[in-house]
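K.L.:
Dropping the structure in here first, questions after.
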Amino acid sequence: MPALPLLLLLTALPPCADREAVSRRLEDTARSRPEAFNAEVNRLVESLDGVPLPPGTSGQTAPERARQLTVYLEAVCNLDAEPAVAPGVTSEPERLRAILDRPEFARARQRNSDLLTRLLRELQNWLEGLFESRGAQGFAVATRAVMLGLALAVVLFGVLRVRWRRSRKTVTAPGVEGEAAPLELDTPGEHLGRARTALETEDAREAIREGLLGLLSTLEQRKLARPDRVKTNRELAAELPTRGAPARVTGEVERLVGWYDQAFYSLEPVSREEATRFVESVEQLHGSLAEVRP
Numbered sequence: 181m182p183a184l185p186l187l188l189l190l191t192a193l194p195p196c197a198d199r200e201a202v203s204r205r206l207e208d209t210a211r212s213r214p215e216a217f218n219a220e221v222n223r224l225v226e227s228l229d230g231v232p233l234p235p236g237t238s239g240q241t242a243p244e245r246a247r248q249l250t251v252y253l254e255a256v257c258n259l260d261a262e263p264a265v266a267p268g269v270t271s272e273p274e275r276l277r278a279i280l281d282r283p284e285f286a287r288a289r290q291r292n293s294d295l296l297t298r299l300l301r302e303l304q305n306w307l308e309g310l311f312e313s314r315g316a317q318g319f320a321v322a323t324r325a326v327m328l329g330l331a332l333a334v335v336l337f338g339v340l341r342v343r344w345r346r347s348r349k350t351v352t353a354p355g356v357e358g359e360a361a362p363l364e365l366d367t368p369g370e371h372l373g374r375a376r377t378a379l380e381t382e383d384a385r386e387a388i389r390e391g392l393l394g395l396l397s398t399l400e401q402r403k404l405a406r407p408d409r410v411k412t413n414r415e416l417a418a419e420l421p422t423r424g425a426p427a428r429v430t431g432e433v434e435r436l437v438g439w440y441d442q443a444f445y446s447l448e449p450v451s452r453e454e455a456t457r458f459v460e461s462v463e464q465l466h467g468s469l470a471e472v473r474p
């Protein structure tokens, strides 16, 4: 700033000559055309020729800012009606410092009116508005992407579940040979021997289990059945006629597996006497099938 008394500079400023018109233009623009208010403020800054304006507050509206500038401009232009400086101040820097120490310049002292600073501040405001709008757009895009991903996941899960069910039905379809793994059995004599041992230790449930395995092993040896882990005992018995088993053998096997299923899967304990009769019946059937040609 030139080394002139600030009071002379202020009273010579164009806004002071037409202060009421400038104030009215600021307030009218803030009310009716807020988008053009910043241009009016910049015009006022240029007309002040370096005199700083008070900074705006956070959340301040355009009419509030216009009122603030009107009051500030009135205080600046009225400086000529008051003593310019305090008594005893003689030098130019002291006179300037005394004027800037007045209350109406308290907030203006905090504002740097340099052109570059103002441009940086405008750039900062523009970038903040740009990032806020991009942030909102990014949130909307991210929300749509998440919803689309969830929908695709649900569709993919449904397709995989349908394929799994179809493959499971294919594996477990009845009457298809070679799809289920065969049941690994020992010889009939080994199973019946373990059944007798279980009877001696009074483990009736284990005895009838080994007796059934002996029966299945006998049928497998005579090529009358193919035990596996998929078919039930009743399904194996139903296949006997198709494999050439005599009617008496089919009837006896159906009776034995029917009794076994009812006894083994029941919650009631199996008595030793019933288990003994079951094992003996399996032994008799095994002996009678020894005469059947495989």
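Taking the numbering used here, the leading residue of the sequence shown gets 181, the next gets one more, and so forth. Note that beta-carbon positions come from the ideal geometry of N, C-alpha and C, so glycine has one too.
#1: Name the DSSP beta bridge partners of residue 366, please?
#2: By Cβ distance below 8 Å, which residues in the same chain neighbour residue 393 in space, the five residues on each side in sequence not counted?
#3: Nearest by alpha-carbon distance to residue 438: which of 422, 374 and 415 is it?
#4: Leaving out five residues before and five after residue 258 in sequence, what residues of the same chain have Cβ atoms less than 8 Å from its Cβ?
#5: Using the three-state DSSP reduction, which class does residue 198 fall into: helix, strand or coil?
#6: Should residue 423 and residue 395 be called a contact, given that it needs their Cβ atoms to be closer than 8 Å?
#7: Sort 458, 334, 342 and 306 by Cα distance to residue 391 and report the nearest one.
#8: Straight-line CA distance for residue 235 to residue 323?
#9: DSSP three-state call for residue 383: helix, strand or coil?
#10: Spatial neighbours of residue 254 within its chain, please: CB distance less than 8 Å, with the 5 preceding and 5 following residues excluded, ordered by chain position.
#11: Check whether the Cβ atoms of residue 451 and residue 378 sit closer than 8 Å, and answer yes or no.
#12: Would you check if the distance between the CB atom of residue 430 and the CB atom of residue 443 is smaller than 8 Å?
P.N.:
Well, looking at it:
#1: If you number the sequence shown from 1, residue 366 lands on position 186. DSSP lists no partner for residue 366.
#2: The sequence position of residue 393 within the sequence shown is 213, counting from 1. Counting only Cβ-Cβ distances below 8 Å, and skipping sequence neighbours, we find 365, 366 and 371.
#3: Position 258 of the sequence shown, counting from 1, holds the residue named residue 438. Answer by Cα proximity: 415.
#4: Stepping through the sequence shown from its first residue, residue 258 is reached at position 78. Within the same chain, residue 258 has no close Cβ partners at all.
#5: Walking along the sequence shown from the start, residue 198 turns up at place 18. In the structure shown, residue 198 sits in coil (DSSP, three-state: anything other than H, G, I, E or B).
#6: Numbered from 1 along the sequence shown, position 243 holds the residue referred to as residue 423. Numbered from 1 along the sequence shown, position 215 holds the residue referred to as residue 395. Not in contact: residue 423 and residue 395 (Cβ atoms no closer than 8 Å).
#7: Your numbering for residue 391 matches position 211 in the sequence shown. That would be 458, whose Cα lies nearest to the Cα of residue 391.
#8: Residue mapping note: residue 235 aligns to position 55 of the sequence shown, counting from 1. Residue mapping note: residue 323 aligns to position 143 of the sequence shown, counting from 1. Straight-line Cα distance between these residues: approximately 39 Å.
#9: Position 203 of the sequence shown, counted from the start, is the residue given in the question as residue 383. DSSP places residue 383 in coil when its eight states are reduced to three.
#10: Reading the sequence shown from its first residue, position 74 is the one you call residue 254. The answer, listed in chain order, is 199 and 203.
#11: If you number the sequence shown from 1, residue 451 lands on position 271. If you number the sequence shown from 1, residue 378 lands on position 198. Against a cut-off of 8 Å, the Cβ pair of residue 378 and residue 451 comes out as no contact.
#12: What you label residue 430 is simply residue 250 of the sequence shown in a count that begins at 1. What you label residue 443 is simply residue 263 of the sequence shown in a count that begins at 1. In this structure, residue 443 does not lie closer than 8 Å to residue 430 by Cβ.
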